[in-house]
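Asker: Each number in my numbering corresponds to the 1-based position in the sequence shown with 229 added.
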Amino acid sequence: MMLASRQKKYAEKYALIVAGLFLGVWLFQAQAVYAAALPGSEFNMQIRNRMEIIASTEGLSNPNERWNSLNLNYFQKAKEDTLVYLQATGFSRPEGGGVLSNFGIIKDWSKSFYTQTSVGFGSNASYIPSLVVDQDFNFKFGKNQRYVWTVGGTYFKYFDNSNSLILKTGIGIHQDKWVFDYRLFRNMNNPGSIESFSHQFSVAYGIEKRYWTTLTYSFGQQAYLASTLGIPAAVNNYSQYLSLNYRRWLGPHHGFIAEMNYLTLTDAYNKLGFSLGFFREY
C-alpha cells in the first residue's frame, strides 16, 4: 500500500510538471501568433517585409531550472491583401533541446472578413507538439469596422499520441491608439476527454512605425489525463500568466523588442521570463 501511495504521489508530481510544459508551449504559440498580428487586418497589412530575432530565458522554481530559447520570425507582404510569416524556435532545457517551426498566412477576403491560418511542426521532445494546426475566422463590424469578432480553433498532437483541441472565440476593439482584446478558450485533451476553460485579456497601445506596448493576462484551468507511469491521474491545475511586451522603432526600418513575463501553475512551479530581440524591415 505504501509503495502504491508513493508511486501515485510521484505520478501526480510528474503529471504536474508535464502539464506545465504543455502549458508553456501553448502559451508560447499563442503569444507568437499574437505578436505576429494584433487583431484587425488594417494593422496586419501595414507590415511589409520584417525579420526578427528574439532570445529568451526563463527561470523556474520547484524544480529549480532554467529554460532558454531563440526565436526567428519572418513576415512578408505577398500581396496587398495577404501576409505570410515563418517562425522557428529552438529550445534548450535540462531534459533536452528541441525545435518548433511554424508557417502562417493572414488573408483579407473583404473589408469585413479575414482569416489567419498556420501549421507548425516540432522535433521529438516531450514538451514540444509534433503537429500544431491553427485557424481563425475574423469578422469586422461597427463604426469604421473597429470591432473584430474572432472564432477558431487550435489542434495539438504530441509524440506520445496524446492530443488537444482548443476552441476559441473573442472580441477585439480598436479605439485610436488602443487595442483591447479578449479570448475565451475551451480546452479538450485526450486521452480521457478532459475539458477545461481559460481566458486571455490584452491591451495594446501605440502607433505602427513608432512603438507598441502590450499587456497580456491569461488565467484558467489546464486539465488532462496523465498515464505516464501506468497510474492514470487527472490533472486540473489553475494557472495565471502575465506579460508586458514593448516594441520600439529606432529608425524607419529597425528597432528592438523587450518582454517580461510571469507564469504561476498551482501546486507545480512559478516561472519568470525575459526576452530581448531586434527587428529589421525592408
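Glycine included, C-beta positions come from ideal geometry on N, C-alpha and C.
Could you pull out every residue in the same chain whose Cβ sits closer than 6 Å to the Cβ of PHE409, ignoring the five residues on either side in sequence?
Answerer: Translated into positions along the sequence shown, residue 409 becomes position 180. Cβ neighbours of PHE409 beyond the five flanking positions: ILE402, VAL432.
Asker: Please name the residue in ARG279, GLY351, GLY288 whose C-alpha comes closest to that of PHE388.
Answerer: The residue you call residue 388 lines up with position 159 of the sequence shown. Comparing Cα-Cα distances from PHE388 to each of ARG279, GLY351, GLY288, the minimum goes to GLY351.
Asker: Between the beta-carbon of LEU426 and the beta-carbon of TYR446, is there less than 7 Å?
Answerer: Locating residue 426 in the sequence shown gives position 197, counting from the first residue. Locating residue 446 in the sequence shown gives position 217, counting from the first residue. Note that residue 426 is Phe in the sequence shown, not Leu. Their beta carbons are not under 7 Å apart, which means PHE426 does not touch TYR446 by this criterion.
Asker: Quick check on the DSSP output: the beta strand (DSSP E) that includes GLY484 runs from which residue to which?
Answerer: Position 255 of the sequence shown, counted from the first residue, corresponds to residue 484. Looking at the DSSP string, the run of the beta strand (DSSP E) that includes GLY484 is 483 to 494.
Asker: Can you tell me whether GLY269 is buried or exposed, with buried defined as 16 or more other CB within 10 angstroms of its CB?
Answerer: Translated into positions along the sequence shown, residue 269 becomes position 40. With a pLDDT of 42 at GLY269, under the threshold of 50, the modelled position of this residue cannot be trusted; read the value that follows with caution. Per the 10 Å Cβ criterion, buried.
Asker: Would you list the residues sitting across from ILE357 in a DSSP beta bridge?
Answerer: Position 128 of the sequence shown, counted from the start, is the residue given in the question as residue 357. According to DSSP, which records beta bridges pairwise, ILE357 is partnered with nothing at all.
Asker: Spatial neighbours of THR398 within its chain, please: C-beta separation below 8 Å, excluding the five flanking residues on both sides.
Answerer: Locating residue 398 in the sequence shown gives position 169, where the first residue counts as 1. Only TRP378, THR379, VAL380, GLY381, ARG412, LEU413 meet the Cβ criterion.
Asker: Skipping 5 residues on each side, what residues in its chain have a beta carbon closer than 6 Å to that of LYS369?
Answerer: Along the sequence shown, one-based indexing puts residue 369 at 140. Cβ within range, chain order: SER341, VAL377.
Asker: On the criterion of 16 or more Cβ atoms from any shown chain inside 10 Å, does LYS500 qualify as buried, or is it exposed?
Answerer: The sequence position of residue 500 within the sequence shown is 271, counting from 1. LYS500 comes out buried.
Asker: Under 7 Å, do ASN419 and ILE395 count as touching if we go by C-beta distance?
Answerer: Reading the sequence shown from its first residue, position 190 is the one you call residue 419. Reading the sequence shown from its first residue, position 166 is the one you call residue 395. Between ASN419 and ILE395, the CB-CB gap reaches or exceeds 7 Å.
Asker: Rounded to the nearest angstrom, how far is the Cβ of ASN278 from that of LYS308, given a contact under 8 Å?
Answerer: Along the sequence shown, read from residue 1 onward, the residue named residue 278 stands at position 49. Along the sequence shown, read from residue 1 onward, the residue named residue 308 stands at position 79. No, ASN278 and LYS308 are not in contact; Cβ-Cβ is about 13 Å, not under 8 Å.
Asker: Ordered along the chain, which non-local residues of its own chain (more than five positions away) have a Cβ less than 7 Å from that of TYR467?
Answerer: Reading the sequence shown from its first residue, position 238 is the one you call residue 467. Within the same chain, TYR467 has close Cβ partners GLN450, THR495.
Asker: How about ARG322 and TRP338: do their beta carbons lie closer than 7 Å?
Answerer: Counting from one through the sequence shown, the residue named residue 322 turns up at place 93. Counting from one through the sequence shown, the residue named residue 338 turns up at place 109. For ARG322 and TRP338, no; Cβs fall outside 7 Å.
Asker: Considering only the beta carbon of each residue, do PHE332 and VAL348 sit closer than 7 Å?
Answerer: Translated into the one-based positions of the sequence shown, residue 332 becomes position 103. Translated into the one-based positions of the sequence shown, residue 348 becomes position 119. Cβ atoms of PHE332 and VAL348: closer than 7 Å.
Asker: For the region 308 to 340, which segments carrying the beta strand (DSSP E) assignment without a break, of at least 3 residues, lie completely within its bounds, in sequence order?
Answerer: 311 to 321, 327 to 339
Asker: Cα separation between LEU473 and LEU492?
Answerer: On the sequence shown, position 244 is the one that residue 473 refers to. On the sequence shown, position 263 is the one that residue 492 refers to. Cα to Cα, LEU473 sits roughly 12 Å from LEU492.
Asker: Can you pull the DSSP bridge partners for ALA284?
Answerer: The sequence position of residue 284 within the sequence shown is 55, counting from 1. Per the DSSP secondary-structure output, ALA284 pairs in a beta bridge with LEU299, LEU505.
Asker: Just tell me which of GLN345, THR311, THR286, TYR303 has its CA closest to the CA of SER330.
Answerer: By one-based count along the sequence shown, residue 330 stands at place 101. Selected option, being the one with the closest Cα: TYR303.
Asker: Which one of SER422, GLY484, ALA354 has the shortest CA to CA distance from GLU437?
Answerer: Translated into positions along the sequence shown, residue 437 becomes position 208. Per the Cα distances, GLY484.
Asker: Would you identify the three-state DSSP class for LYS369, choosing helix, strand or coil?
Answerer: Counting from one through the sequence shown, the residue named residue 369 turns up at place 140. In the structure shown, LYS369 sits in a strand (DSSP, three-state: E or B).
Asker: To the nearest whole angstrom, what separates the beta carbons of ARG435 and ALA284, a pair I think is in contact under 8 Å?
Answerer: Residue 435 sits at position 206 when you count from the first residue of the sequence shown. Residue 284 sits at position 55 when you count from the first residue of the sequence shown. Residue 435 is actually Gly in this sequence, not Arg. Contact flag wrong, Cβ pair sits at about 23 Å.
Asker: Alpha carbon to alpha carbon, what distance is there between GLN316 and PRO292?
Answerer: Here residue 292 corresponds to residue number 63 of the sequence shown, with the count starting at 1. Here residue 316 corresponds to residue number 87 of the sequence shown, with the count starting at 1. Distance between the alpha carbons of PRO292 and GLN316 is about 29 Å.
Asker: Going straight from the alpha carbon of TYR440 to that of GLY480, what length do you get?
Answerer: Along the sequence shown, one-based indexing puts residue 440 at 211. Along the sequence shown, one-based indexing puts residue 480 at 251. Computed Cα separation, rounded: 11 Å.
Asker: Within the same chain, show all residues whose beta-carbon is closer than 6 Å to that of GLN345, passing over the 5 residues directly before and after it, in chain order.
Answerer: The residue given as residue 345 occupies position 116 in the sequence shown. Hits under 6 Å: ILE335, ASP365.
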